[in-house]
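J.:
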Amino acid sequence: MIRFIDPRGMVATPIEPYELTQNVRKNEGEGLTVALLANGFPDSELFFTKIGAAIEKRLPKISTKLWNKGNPGSPA
Numbered sequence: 001m002i003r004f005i006d007p008r009g010m011v012a013t014p015i016e017p018y019e020l021t022q023n024v025r026k027n028e029g030e031g032l033t034v035a036l037l038a039n040g041f042p043d044s045e046l047f048f049t050k051i052g053a054a055i056e057k058r059l060p061k062i063s064t065k066l067w068n069k070g071n072p073g074s075p076a
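In structure tokens:
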């Protein structure tokens, strides 16, 4: 018989819901900037470049910024 163990520990602090929201579709994203961070793995920068282009195509007034951390082993 297989017994599965839940590796999660007990939560010591109350969980706070994330309540910050932004309607990105309003005004086609005008005044908003989306940050994209390529993690340094092969083709990650190309992948996020295409993601940014797709976002800007869908929301023409939104701004995207792309950073490449260069090395997948370094902290972001």
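As numbered in the working numbering, the sequence shown has no gaps in its residue numbers, which increase by one up to the final residue, 76. Positions of the beta carbon are idealized from the N, C-alpha and C atoms, including for glycine.
1. My assumption, with CB atoms under 8 Å, is that residue 36 sits in contact with residue 65. Please give the rounded CB distance.
2. According to the neighbour-count rule (16 or more other Cβ atoms, all chains shown, within 10 Å of its Cβ), is residue 59 buried or exposed?
3. Could you check whether residue 61 and residue 30 sit closer than 9 Å to each other, using their CB atoms as the reference points?
4. Does the Cβ-Cβ distance between residue 45 and residue 38 come in under 9 Å?
5. So, for residue 48: in the same chain, excluding its five sequence neighbours on each side, which residues have a beta-carbon less than 6 Å away from its beta-carbon?
6. Would you kindly work out how many angstroms separate the C-alpha atoms of residue 33 and residue 25, rounded to a whole number?
7. Output yes or no for whether 9 Å exceeds the beta carbon distance between residue 72 and residue 41.
T.: Taking the definition as stated:
1. The sequence position of residue 36 within the sequence shown is 36, counting from 1. The sequence position of residue 65 within the sequence shown is 65, counting from 1. The Cβ separation is near 7 Å, so the contact holds.
2. Start at 1 with the first residue of the sequence shown, and residue 59 comes out as number 59. Buried.
3. Taking the sequence shown and counting its residues from 1, one reaches residue 30 at position 30. Taking the sequence shown and counting its residues from 1, one reaches residue 61 at position 61. Cβ atoms of residue 30 and residue 61: closer than 9 Å.
4. Numbered from 1 along the sequence shown, position 45 holds the residue referred to as residue 45. Numbered from 1 along the sequence shown, position 38 holds the residue referred to as residue 38. It is a contact, given that the beta carbons lie within the stated cut-off.
5. As a working note, residue 48 is residue 48 in the sequence shown. Hits under 6 Å: 36, 38, 66.
6. In the sequence shown, the residue the question calls residue 33 occupies position 33. In the sequence shown, the residue the question calls residue 25 occupies position 25. Each residue's alpha carbon lies about 13 Å from the other.
7. Within the sequence shown, the letter at position 72 stands for residue 72. Within the sequence shown, the letter at position 41 stands for residue 41. Less than 9 Å separates the beta-carbon of residue 72 from that of residue 41.
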